[in-house]
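Some notes on the structure that comes next.
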Amino acid sequence: MASPQELQVQHKREVETKQESTVPARVFLPVTDIFETEQALTVILEMPGVARESLDVSVENDILTIAGRIDFSKYEGLQPVYTEYNIGNYSRSFQISSTIDQSGISATIADGVMTLVLPKAEKAKPRKIKVN
Amino acid sequence: MFPNFNDPFSALFTLQRALDARRASDWLGDRTTGSGAYPPINIFQQGDDFVAVVELPGVERNDLAIEAKESTIRISGKKTIAYASGASVHRRERVSGTFDRTIAVPIRIDPDAIRAEYSDGVLALFIPRAERDKPRTIKIT
Chain E
1 MASPQELQVQ HKREVETKQE STVPARVFLP VTDIFETEQA LTVILEMPGV
51 ARESLDVSVE NDILTIAGRI DFSKYEGLQP VYTEYNIGNY SRSFQISSTI
101 DQSGISATIA DGVMTLVLPK AEKAKPRKIK VN
Chain H
1 MFPNFNDPFS ALFTLQRALD ARRASDWLGD RTTGSGAYPP INIFQQGDDF
51 VAVVELPGVE RNDLAIEAKE STIRISGKKT IAYASGASVH RRERVSGTFD
101 RTIAVPIRID PDAIRAEYSD GVLALFIPRA ERDKPRTIKI T
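Right under this line is the structure:
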């Protein structure tokens, strides 16, 4: 591991879709890490301000969709005087392959970071072949 | 004009526009190193008092330190990311490391009465304005 580096600001990317949404509010792409082990694919998304009950994870036609809503009622009565970032709901989708055991997907969230574990289907797990 | 929250569909959009309108405003003056430092901070006024909101996803409560003195507030800590051993990385967008940011607010504050809340990766600092700094109503006699 490299020595700890100083953190840099990452500007939020907006979701770009072919269709325009009917609601004019902007939606942001959560910053995401994806890594794979022999057993599973792990997807980690940063969604600061999203509580557990405001999360939506679904799989349809091999598309994994994650949506998180922020509770902006907390901002009621607050008048911005100086800002450096914007806030909004989050949404991101990924194409997943059929090697994922879709019924075994599990999700946890802590400190605004969601971890999704997508276990691999039995047939997709690597097998050692013995040479006789 | 302050956002109107009566209509839930336009409320978020109105809030987003209000936030954009104050993007890097000169409220902090030149006392603070300009925007671009981590973590990004939004500052709001609530009556006489102020609220600073900071997004720190993935930072554990115990890795976060907040200090205040006179009109200066310091937020420092570290963010760690652990990958499972033997994992092959497909996509790496998250960043980790240390941060240390100091902001100086252009008002007199009551540093002993600052309250901090941290939930869902968002830090909110409730900063009360010093009693002697509050505007006085002058009665015409």
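Read top to bottom, the protein sequences are chains E and H. My numbering applies: residue 1 is where the first sequence begins, and numbers increase by one. My numbering applies: residue 1 is where the second sequence begins, and numbers increase by one. Think of the CB as a built atom: it goes at the ideal place given N, C-alpha and C, for glycine as much as any other residue. Quick caveat, the model's predicted, so the values are computed rather than measured.
Checklist line | Where the stretch 7 to 31 of chain E meets chain H: residues whose CB sits under 8 Å from a CB there | finding: Result list: 7, 8, 9, 10, 23, 24, 25, 26, 31.
Check: Do residue 64(H) and residue 123(H) have their C-beta atoms within less than 9 Å of each other?
Finding: The residue you call residue 64(H) lines up with position 64 of the second sequence. The residue you call residue 123(H) lines up with position 123 of the second sequence. Yes, they are a contact pair.
Margin query: Within 9 Å of any Cβ in chain H, is that where the Cβ of residue 119(E) sits?
Written below: Numbered from 1 along the first sequence, position 119 holds the residue referred to as residue 119(E). No, residue 119(E) lies away from the interface with chain H (no Cβ there is under 9 Å from its Cβ).
Note to self: Is the separation between the beta-carbon of residue 86(E) and that of residue 70(E) shorter than 9 Å?
What the structure shows: The residue given as residue 86(E) occupies position 86 in the first sequence. The residue given as residue 70(E) occupies position 70 in the first sequence. For residue 86(E) and residue 70(E), no; Cβs fall outside 9 Å.
Margin query: Let me check understanding here. Comparing Cα to Cα, which of 10(H), 72(H), 120(H), 24(H) lies closest to residue 127(H)?
Written below: What you label residue 127(H) is simply residue 127 of the second sequence in a count that begins at 1. Of the candidates 10(H), 72(H), 120(H), 24(H), the one whose C-alpha sits nearest the C-alpha of residue 127(H) is 72(H).
Checklist line | Inter-residue Cα distance where the pair is residue 95(E) and residue 134(H) | finding: As a first step, residue 95(E) is located in the first sequence; it is residue number 95 there, counting from the start. As a first step, residue 134(H) is located in the second sequence; it is residue number 134 there, counting from the start. Near 55 Å, if we compare the C-alpha coordinates of residue 134(H) and residue 95(E).
Next item on the list: Run through the stretch 42 to 80 of chain H for me and flag every whole alpha helix (DSSP H) of 4 or more residues, listed as ranges in chain order.
Entry: Fully enclosed alpha helix (DSSP H) runs of 4 or longer: not present.
Checklist line | Boundaries (first-last residue) of the beta strand (DSSP E) holding residue 27(E) | finding: To locate residue 27(E), count along the first sequence from 1; it is residue 27. Under the DSSP assignment, residue 27(E) falls in the beta strand (DSSP E) whose first and last residues are 27 to 29.
Next item on the list: Take residue 94(H) and list the residues in its own chain whose beta-carbon comes closer than 8 Å to its own, dropping the five residues that flank it on each side.
Entry: As a working mapping, residue 94(H) is identified with position 94 in the second sequence. In chain order, 58, 81 place their CB closer than 8 Å to the CB of residue 94(H), counting only its own chain and leaving out the 5 sequence neighbours on each side.
Item checked: Inter-residue spacing [alpha-carbon to alpha-carbon] between residue 97(H) and residue 132(E) -> In the second sequence, counting from the first residue as 1, residue 97(H) sits at position 97. In the first sequence, counting from the first residue as 1, residue 132(E) sits at position 132. Counting only the Cα atoms, residue 132(E) lies some 50 Å from residue 97(H).
Next item on the list: Taking residue 93(H) as part of the beta strand (DSSP E), name the residues at either end of that continuous run.
Entry: Walking along the second sequence from the start, residue 93(H) turns up at place 93. No beta strand (DSSP E) contains residue 93(H), which DSSP labels as neither H nor E.
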